[in-house]
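First comes the structure, then the notes that go with it.
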Amino acid sequence: MFSIRKIITISDYVTMANIIFGLLAILLHDFRFIYLSIIFDAMDGFVARKTNTVSDFGAELDSICDVVSFGVAPAYLLYYNFESNFALISALIFALCGALRLARFGILNVKHFVGLPIPAGALVLASFCEVLDNKVLISIIAIIVGLLMISDISYPKYPHKVLIGVFFVSLVLAMWGFVYPVLLCGVGYVLYGIFKTKSH
C-alpha cells in the first residue's frame, strides 16, 4: 500500500529533516531553522555517499526540500519582518530565482556550481535580515542574491575541509544569536565566485 518506503534511504531521511526545519522557520518565524536546514542539507549528500545510497529519487527530493527551506522560507521571513511593497516584490523575485536555479541545477552535469547555490543565497539573505534594520536595503540585497543564483558565475562545490569546519562553527554560533561569523562566511563565498570569475 505504501511502496514508497522501499525507495526511501537513510540519506533521504536526513533530507526530509531539511524541509521540516524549513517549514518550522516559516511557521515559527525563526531564521535559526534555516541555519539548521543548511546543516542537514550538507549532511544528506555526505550520508548518501558514505552509505552508497545516492539515487535519482534522493536528488529530486533534495531539490524539492531546498526550494521550501532556502527559497520560500527566507522569502517569507523577509516579507514578514520587513513588510512593504518593495519587500514583497523582492521576496517574490528571490523565491522565483531560487526555483529557477534549482531547476537548472537538476539538468546540469558539471564539477562546479553555476550560479550561487540556493543554500548560500538563503544563508546570506537570512543573516543580513538578522543584522540589518533597513527595509529598502534588505530588499535590494534579496534581489541581488536572487540574480546571483541565476547568473553564470562559477562557485566551488567542496571548499577546503578547514573552511567547512569554520562554516559549521559559524552556523552553530548563528543559532545562538551570533550571526556575524556566518554572514562573513556567506559574503566571502559570494565575493569569491564573483572575483574568481572576473579574473578568468
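Oh and the sequence shown: position 49 is 49 in the UniProt record's numbering, straight run, nothing missing. Ideal Cβ positions, reconstructed from N, Cα and C, are used throughout, including at glycine.
Please list, in chain order, all residues of the same chain as Ala174 whose beta carbon is under 6 Å from its beta carbon, the five residues on each side excluded.
Indexing the sequence shown from 1 puts residue 174 at position 174. Only Tyr35 and Val182 meet the Cβ criterion.
Looking only at its own chain, which residues have a Cβ that is under 6 Å from the Cβ of Val145, when we skip the five neighbours before and after it?
Translated into positions along the sequence shown, residue 145 becomes position 145. The residues are Gly121, Val124 and Leu125.
Between which two residues does the alpha helix (DSSP H) containing Arg49 stretch?
Taking the sequence shown and counting its residues from 1, one reaches residue 49 at position 49. From DSSP, the alpha helix (DSSP H) with Arg49 extends over Arg32 to Lys50.
Look up Val68 in the DSSP assignment and say whether it is helix, strand or coil.
For the purposes of this step, residue 68 is identified with residue 68 of the sequence shown, where counting begins at 1. Of the three classes helix, strand and coil, the one that applies to Val68 here is helix, per DSSP.
Are the CB atoms of Gly98 and Val67 within a distance shorter than 8 Å?
For this step, residue 67 is matched to residue 67 along the sequence shown. For this step, residue 98 is matched to residue 98 along the sequence shown. Yes, Cβ-Cβ distance for Val67 and Gly98 is below 8 Å.
I need the straight-line Cα distance from Cys65 to Phe195, nearest angstrom please.
Walking along the sequence shown from the start, residue 65 turns up at place 65. Walking along the sequence shown from the start, residue 195 turns up at place 195. Cα-Cα distance, rounded: 30 Å.
Excluding the 5 residues flanking Ile118 on each side, which residues of the same chain have their C-beta closer than 7 Å to its C-beta?
Residue numbering aside, residue 118 sits at position 118 when the sequence shown is read from its first letter. So the list reads Asp66, Phe70, Gly71, Gly98, Arg101, Leu102 and Met149, once near-sequence residues are dropped.
Write down the C-beta distance between Ala25 and Phe33 rounded to the nearest angstrom, noting that I regard them as a contact closer than 8 Å.
Translated into the one-based positions of the sequence shown, residue 25 becomes position 25. Translated into the one-based positions of the sequence shown, residue 33 becomes position 33. With a Cβ gap of about 4 Å, Ala25 and Phe33 count as contacting.
Pair every Cβ in the segment 72 to 79 with every Cβ in the segment 49 to 62, then say whether three or more of these pairs are closer than 8 Å.
no
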